Amino acid sequence: MQKITKDMTIGEALMVNPEIAPVLMSIGMHCLGCPASQGETLEEAAMVHGIDVDDLMDHIANISASM
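Taking the numbering used here, the leading residue of the sequence shown gets 1386, the next gets one more, and so forth.
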C-alpha cells in the first residue's frame, strides 16, 4: 500500500486509503469531496483547521497500519 504523506492532497490521500475519512471528519475537515480537497494538501488543511500535522499523520498511520 502506498504511504500517505503530508504533501498529498486530501483527495489523493482518500484514494490511497478511504478509511481515513472518519479521522479527517473528526477534526473538522467536513468537505472531503469538495473542490478544495482536490488541491489542498493534508499539511495545508491541518494548518487551516488548527491541527498539528504530525499528530494528524500519526492518526492516519495508525489507521493504515491496522488494515
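Idealized CB from N, CA, C, for every residue including glycine.
Since the model is a prediction, treat every value here as computed from it, not as a measurement.
Handout entry: Beta-carbon proximity of M1393 to T1426, cut-off 8 Å
Key = Locating residue 1393 in the sequence shown gives position 8, where the first residue counts as 1. Locating residue 1426 in the sequence shown gives position 41, where the first residue counts as 1. For M1393 and T1426, yes; Cβs fall inside 8 Å.
Handout entry: Cα-Cα separation, G1418 to I1412
Key = To locate residue 1418, count along the sequence shown from 1; it is residue 33. To locate residue 1412, count along the sequence shown from 1; it is residue 27. Taking the straight line joining both Cα atoms gives about 16 Å.
Exercise for the section: Express the C-alpha separation of V1438 and I1445 in angstroms, rounding to a whole number. Expected result: Stepping through the sequence shown from its first residue, residue 1445 is reached at position 60. Stepping through the sequence shown from its first residue, residue 1438 is reached at position 53. So the two alpha carbons sit approximately 10 Å from each other.
Problem - Start-to-end residues for the alpha helix (DSSP H) that takes in L1417 - result: If you number the sequence shown from 1, residue 1417 lands on position 32. Premise fails: L1417 is in no alpha helix (DSSP H) and is neither H nor E.
Problem - Whole-number beta carbon distance between M1410 and H1434, since they are thought to touch under 8 Å - result: Residue 1434 sits at position 49 when you count from the first residue of the sequence shown. Residue 1410 sits at position 25 when you count from the first residue of the sequence shown. Rounded, the Cβ-Cβ distance is 11 Å, inconsistent with contact.
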